[in-house]
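The UniProt record's numbering puts the first residue of the first sequence at 1, with every later residue one more than the last.
Worksheet for the structure shown next.
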Amino acid sequence: MFIKKFPFIERKEKSMHIFIRDEFDLYKIIHSGQCFRAVEINDGLFRFITGRHVLYIRHIQGIRYDVSCSPYLWNHLWKPYFDLSENYEAIRNSISPNDHYLQKAADYSRGIRILRQDPWETLITFIISQRKSIPAIASAVEKLCQKAGEEIKTPLEILYTFPTPQKLSSLSQEDLKACSLGYRIPYISKSAEIIKKSPHLLKDMATYDDEKLLNALMELPGVGIKVANCTALFGFHRTALAPVDVWIQRVIDQKYEGSNPFPTYGQKAGIMQQYLFYYAQSTGMK
DNA sequence: TGGCAGGCCAATT
DNA sequence: AATTGGCCTGCC
Numbered sequence: 001m002f003i004k005k006f007p008f009i010e011r012k013e014k015s016m017h018i019f020i021r022d023e024f025d026l027y028k029i030i031h032s033g034q035c036f037r038a039v040e041i042n043d044g045l046f047r048f049i050t051g052r053h054v055l056y057i058r059h060i061q062g063i064r065y066d067v068s069c070s071p072y073l074w075n076h077l078w079k080p081y082f083d084l085s086e087n088y089e090a091i092r093n094s095i096s097p098n099d100h101y102l103q104k105a106a107d108y109s110r111g112i113r114i115l116r117q118d119p120w121e122t123l124i125t126f127i128i129s130q131r132k133s134i135p136a137i138a139s140a141v142e143k144l145c146q147k148a149g150e151e152i153k154t155p156l157e158i159l160y161t162f163p164t165p166q167k168l169s170s171l172s173q174e175d176l177k178a179c180s181l182g183y184r185i186p187y188i189s190k191s192a193e194i195i196k197k198s199p200h201l202l203k204d205m206a207t208y209d210d211e212k213l214l215n216a217l218m219e220l221p222g223v224g225i226k227v228a229n230c231t232a233l234f235g236f237h238r239t240a241l242a243p244v245d246v247w248i249q250r251v252i253d254q255k256y257e258g259s260n261p262f263p264t265y266g267q268k269a270g271i272m273q274q275y276l277f278y279y280a281q282s283t284g285m286k
């Protein structure tokens, strides 16, 4: 029984009832491939981590949700994190009726949102992601956090923060090997070293325009065009950018006759990319 | 049981 | 400038 296992979420001082009026689907969000640490820890109960903050959230019914944080943190941290000031329903409704495949994909993927994740964590996790399956990525990231992150105690469990650049660059080869990072180890150590030595680099990057940001990211070892686009979209919220991975390439080849449709989506290209990616993956397009 | 997995990089044309 | 092989290793 949920109430016995998770009493805190039933207690007024630790949990809060909130309303989310725009489309919002926790299951789809954690399976959309943009984040690797969020999980459904129990039937209908989801856990998200950002920085030292942990959120447990449950969909009750309709627009009603229970969250395990204070009103202040909900408004100032988690609402921005879930991009709740953006109207995704309006974005879906703006899709051209001529774009049948995107219409179908967006309808299927209704409720996905582009999270505002930490740029540093996003950078490293997407360097790790290359040539790995999503479960393998999640497992490697989790090992890294357990080895080098700081402990976070919640009423339910002990978790770990994502390691800082200082901590990550100080890890031994042996430690990194234990995290199943394979040939990406030098990419990660070197990138961490660069970010450690230039503490303002990521903050500066936030002020760059999209093209300059991509070029700056690709200066880092292990960051090519795809990882740069993912970092920019998911870590810097650059929604005009649409990462092209093998799945999206299949969509372009098979559904758009080889011509990349994203330029026509303008500032919403990244959101459309997520719809297409999630739909292509779910339908097992090959 | 092996082949493959949300690429990147360097060597080769 | 464009193409191609090699790479660590866990997962299905």
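Backbone N, C-alpha and C fix where the C-beta goes; we use that ideal spot for every residue, glycine too.
In this structure, how does DSSP classify residue i when only helix, strand and coil are distinguished?
i	result
ILE158	strand
LEU171	coil
ILE41	strand
residue 310	Here the chain covers residues 1 to 286 and nothing more, so residue 310 does not appear.
LYS268	helix
HIS237	coil
ARG21	coil
VAL67	strand
GLN61	strand
LYS153	strand
SER139	helix
ASP118	coil
MET205	helix
GLN130	coil
PRO261	coil
PRO186	helix
ALA192	helix
PRO80	helix
ASP99	coil
THR231	helix
GLU89	helix
ARG250	helix
Tell me, to the nearest whole angstrom, how far the beta carbon of residue i is from that of residue j; I am working on the premise that it is less than 8 Å.
i	j	result
GLN117	THR50	7 Å
LEU168	ILE188	7 Å
ALA148	LEU115	With 8 Å as the limit, ALA148 and LEU115 do not qualify as a contact, their Cβ atoms being about 23 Å apart.
TYR56	LEU73	At roughly 12 Å, the Cβ-Cβ gap does not stay under 8 Å, so TYR56 and LEU73 are not in contact.
ILE20	ILE63	6 Å
ARG184	ILE127	6 Å
GLN34	PHE234	5 Å
GLY119	LEU181	Per the sequence shown, residue 119 should be read as Pro rather than Gly. At roughly 20 Å, the Cβ-Cβ gap does not stay under 8 Å, so PRO119 and LEU181 are not in contact.
LEU276	SER191	Not quite, the Cβ-Cβ distance comes to about 29 Å (not below 8 Å), so this is no contact.
ILE18	VAL67	6 Å
On the DSSP bridge list, what partners appear for residue i?
i	result
ILE49	VAL54
Using the beta-carbon count (16 or more within 10 Å), is residue i buried or exposed?
i	result
ALA206	exposed
SER32	buried
SER198	exposed
GLY270	buried
PRO165	buried
SER15	buried
THR283	exposed
GLN273	buried
>> For the structure I just gave you, are there three or more beta carbon pairs, one from the region 254-261 and one from the region 74-86, closer than 8 Å?
In response: no
> Is the region 97-107 close to the region 204-224, with three or more CB pairs under 8 Å?
Replying inline: no
> Between the region 16-31 and the region 102-116, do at least 3 Cβ pairs fall closer than 8 Å?
Replying inline: yes
> Taking contact to mean at least 3 C-beta pairs separated by less than 8 Å, is the region 140-154 in contact with the region 227-247?
Replying inline: no
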